[in-house]
Amino acid sequence: MTEEHEKLAGQNQLISFLPDDIRSELLRRAVAVDLPAGEILIKAGEKIEKVFFICSGIASVLVQSRSGKVTESGIVGREGYVPSGALVDAETSFTQVIMQVPGQAMVLEITAFQALRNRHRILEQLLTCASHALRTQIECTLLSNTTQPVSQRLARWILVCHNRVDGNQLHLTHEFLSLMLAVRRPSVTDALHFLEGRGFIRSERAKITIRNRDALEEYAGDIYGLSEEEHDRVFARFRASALLRPTTADTRSAG
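So for the sequence shown, our numbering puts the first residue at -15; every next one is plus one.
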């Protein structure tokens, strides 16, 4: 494992929280991969053969009905891993996972993943916390979708995505935003224009620039921050231990 790969791996929160010896053991068995936008990491119903520890970019978790209707249930960035079914030894994935924002990941074959998880209790605990954090994100999305107008829902999702990237630009298509919000594209366009008119963002083709995050947070309402706080709470003990050693993990909450 090269120094470059170690630095890349350290961008994943779960890997960065591992003790040095366990992290080194994991990295010896992992492979660094580039993940372009649109790449499908796993399809629904497909056998789980690999586990991706996302180091950069955003992966979208999609659920599809029997009739073919698709919506996004959640997103995963450098705070987690996919597919979540690997934790419970599911043979196949219930969801499809696709990269919406390009990035990189450290990848383990499923047999290596299972062996490491079974051998090291702290890894299993980290994976469980990550799955819990994703579930709370999904629960907050359900709350937002049923109680907030589209513009507020969009404001929240922009913030959730912003937590998982560097800088103030998000490369998100209207198609992705419509999946995130479970609405048609014209509704996305209207919501973007509303947020832009308030001075919160600048919207261009497949790109959103955040101009005033504080104001955007205030407008998004009190649903934003719930899953982020829960994420910080469940990972607090691991973060405290990790502070005793250098880490490249981003400290901005990704919940």
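Idealized CB from N, CA, C, for every residue including glycine.
Counting every other CB atom within 10 Å of its CB across the protein chains shown gives residue 79 a total of 16 or more, marking it as buried.
Within the stretch 174 to 233, complete alpha helix (DSSP H) segments of at least 4 residues are found at 197 to 204, 210 to 226, given in chain order. Looking at the backbone, the Cα of residue 183 and that of residue 151 are separated by about 18 Å. Minimum Cα-Cα distance from residue 106 among the listed residues -11, 222, 132, -14 corresponds to 222. Its chain contains 92, 93, 96, 100 as the residues whose beta carbon lies nearer than 8 Å to that of residue 13, once the 5 sequence neighbours on both sides are disregarded; these appear in chain order. Relative to the Cα of residue 5, the nearest Cα in the group 86, 61, 103, 75 belongs to 103.
By the C-beta density criterion, residue 45 is buried, having at least 16 other C-beta atoms within 10 angstroms.
In this structure, residue 59 keeps its C-beta atom at 8 Å or more from the C-beta atom of residue 23.
Unbroken beta strand (DSSP E) runs of no fewer than 3 residues, entirely contained in the stretch 72 to 154, are found at 80 to 93, following chain order. For residue 28, there is no enclosing alpha helix (DSSP H), as DSSP marks it with neither H nor E. Assignment of beta-bridge partners to residue 40 by DSSP yields 88. Counting along the chain, residue 19 sits inside no alpha helix (DSSP H); it lies in the beta strand (DSSP E) bounded by residues 15 to 19. Contact between residue 205 and residue 136 holds, since their C-beta atoms are separated by about 6 Å, short of 8 Å. Looking at the DSSP output, residue 56 sits in a beta bridge with 46. The beta carbon of residue 120 lies closer than 6 Å to those of 211, 214 in the same chain, with the five residues before and after it left out. For the 8 Å CB-CB criterion, residue 11 and residue -7 form a contact. Just measuring C-alpha positions, the residue of 203, 141, 36, 194 sitting nearest residue 153 is 194. The residues 44, 46, 163, 164, in chain order, have a CB closer than 6 Å to that of residue 56 in the same chain once the five nearest residues on each side in sequence are set aside. Residue 32 is positioned such that its CB atom lies closer than 8 Å to that of residue 70. Only residues of its own chain outside the window of five on either side were considered, and among them 139, 142, 143, 179, 184, 185, 194 have a CB closer than 8 Å to the CB of residue 200, listed in chain order. When DSSP reads this structure, residue 34 sits in a beta bridge with 93. For residue 51, there is no enclosing alpha helix (DSSP H), as DSSP gives it neither H nor E. Within the same chain, and ignoring the five residues on either side of residue 167 in sequence, the residues whose Cβ sits closer than 7 Å to its Cβ are 134. Here DSSP, grouped into helix, strand and coil, assigns residue 172 to helix. Residue environment: residue 181 is assigned as exposed (fewer than 16 neighbouring CB atoms within 10 Å of its CB, all protein chains considered).
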